[in-house]
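Read the structure below first, then the notes.
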Amino acid sequence: MRGVLITGTDTGVGKTFVAALVCRAHPSATYVKPVQTGLADAEADAAVVARIAGVQARQGPGFDEALAPAVAAERAARTVTRAQLLGAFSGLDEVVGEGAGGLLVELGTDGTTLADLAADLNLPLVVVARPGLGTLNHTRLTCEAAWARGLRVAGIVVNGFPDVPDVAEETNLNGLAAFAPLLAVVPRHEPGAALPAVPDLVAAAAS
Ligand SMILES: Nc1ncnc2c1ncn2[C@@H]1O[C@H](COP(=O)(O)OP(=O)(O)OP(=O)(O)O)[C@@H](O)[C@H]1O
Ligand SMILES: [Mg+2]
Numbered sequence: 182m183r184g185v186l187i188t189g190t191d192t193g194v195g196k197t198f199v200a201a202l203v204c205r206a207h208p209s210a211t212y213v214k215p216v217q218t219g220l221a222d223a224e225a226d227a228a229v230v231a232r233i234a235g236v237q238a239r240q241g242p243g244f245d246e247a248l249a250p251a252v253a254a255e256r257a258a259r260t261v262t263r264a265q266l267l268g269a270f271s272g273l274d275e276v277v278g279e280g281a282g283g284l285l286v287e288l289g290t291d292g293t294t295l296a297d298l299a300a301d302l303n304l305p306l307v308v309v310a311r312p313g314l315g316t317l318n319h320t321r322l323t324c325e326a327a328w329a330r331g332l333r334v335a336g337i338v339v340n341g342f343p344d345v346p347d348v349a350e351e352t353n354l355n356g357l358a359a360f361a362p363l364l365a366v367v368p369r370h371e372p373g374a375a376l377p378a379v380p381d382l383v384a385a386a387a388s
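For the sequence shown, this note's numbering assigns the number 182 to the initial residue and increments by one for each residue that follows.
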């Protein structure tokens, strides 16, 4: 299996948006969301990516409450196992997977994290990061947690970069690039504007 797993420094940093852009750059890939929460209030990430990128999209177990997946599952009196999470990827050749929240959030009620799935699937991680103050620490913590587990970090995508950056946003790009490859800087996107392009990270991950 080829591809990347998209993680981020936090929830809401733009993993789904970046995953959709990566899928647009490599439309033969299938988007995979191994577990989804928050279905009561929001469109599922797989539906968002299918709508934006027009690619095949798969989803594992889904839960209504907008909580960490293991917590949402427990509150719904359900279990989510590592095998189920991995099952969402089964049989696929090219994948763009997305976790929930950050790297070490428990996706399964058995404690499985996206880091575990990255190890099992032998796929590199892409870390989506905010541009502003605080991102150097959050991004480095995420990368170091991945490296400590022997995982590959393909690099960082800075998402939501403003037209007029402040000093922190401007200087953070060099700071981030100093410890992992800066794969793309995705601008803040205005509705109706053309979608930004990112490099083909699926092809790059395979080479
Ligand atoms: N570059 C951008 N410009 C403008 N809006 C963006 C950008 N990236 C993401 N957004 C918006 O920010 C919100 C959060 O983004 P997104 O859903 O991609 O985050 P996420 O990290 O996938 O969140 P979750 O942890 O819930 O999966 C969405 O409404 C999305 O449309
Ligand atoms: Mg998402």
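For glycine and all other residues, C-beta sits at the position ideal for the given N, C-alpha and C.
Values in this document were obtained by computation on a predicted structure and should not be read as measured data.
By how many angstroms is the C-alpha of residue j removed from the C-alpha of residue i?
i           : j           : result
residue 310 : residue 337 : 7 Å
residue 372 : residue 223 : 18 Å
residue 197 : residue 249 : 16 Å
residue 316 : residue 366 : 14 Å
residue 326 : residue 235 : 33 Å
residue 387 : residue 211 : 15 Å
residue 254 : residue 266 : 13 Å
residue 193 : residue 208 : 24 Å
residue 323 : residue 384 : 23 Å
residue 217 : residue 245 : 9 Å
residue 361 : residue 308 : 10 Å
residue 319 : residue 353 : 12 Å
residue 374 : residue 232 : 16 Å
residue 241 : residue 213 : 8 Å
residue 376 : residue 260 : 38 Å
Can you tell me whether residue i is buried or exposed? The criterion is at least 16 other CB atoms within 10 Å of its CB, across all chains shown.
i           : result
residue 348 : exposed
residue 202 : buried
residue 275 : buried
residue 290 : buried
residue 256 : exposed
residue 226 : buried
residue 329 : exposed
residue 239 : buried
Using the three-state DSSP reduction, which class does residue i fall into: helix, strand or coil?
i           : result
residue 215 : coil
residue 198 : helix
residue 277 : strand
residue 346 : coil
residue 268 : helix
residue 311 : coil
residue 368 : strand
residue 210 : coil
residue 329 : helix
residue 284 : coil
residue 186 : strand
residue 341 : strand
residue 334 : strand
Between residue i and residue j, is the Cβ-Cβ spacing less than 8 Å?
i           : j           : result
residue 284 : residue 294 : yes
residue 333 : residue 305 : yes
residue 341 : residue 189 : no
residue 279 : residue 312 : no
residue 243 : residue 273 : no
residue 186 : residue 299 : yes
residue 282 : residue 191 : yes
residue 251 : residue 302 : no
residue 206 : residue 344 : no
residue 215 : residue 269 : yes
residue 363 : residue 357 : yes
residue 277 : residue 378 : no
residue 204 : residue 230 : yes
task = Anything with a beta carbon under 6 Å from a heavy atom of ligand 2 counts; list them all in chain order.
result = 196, 197, 226, 279
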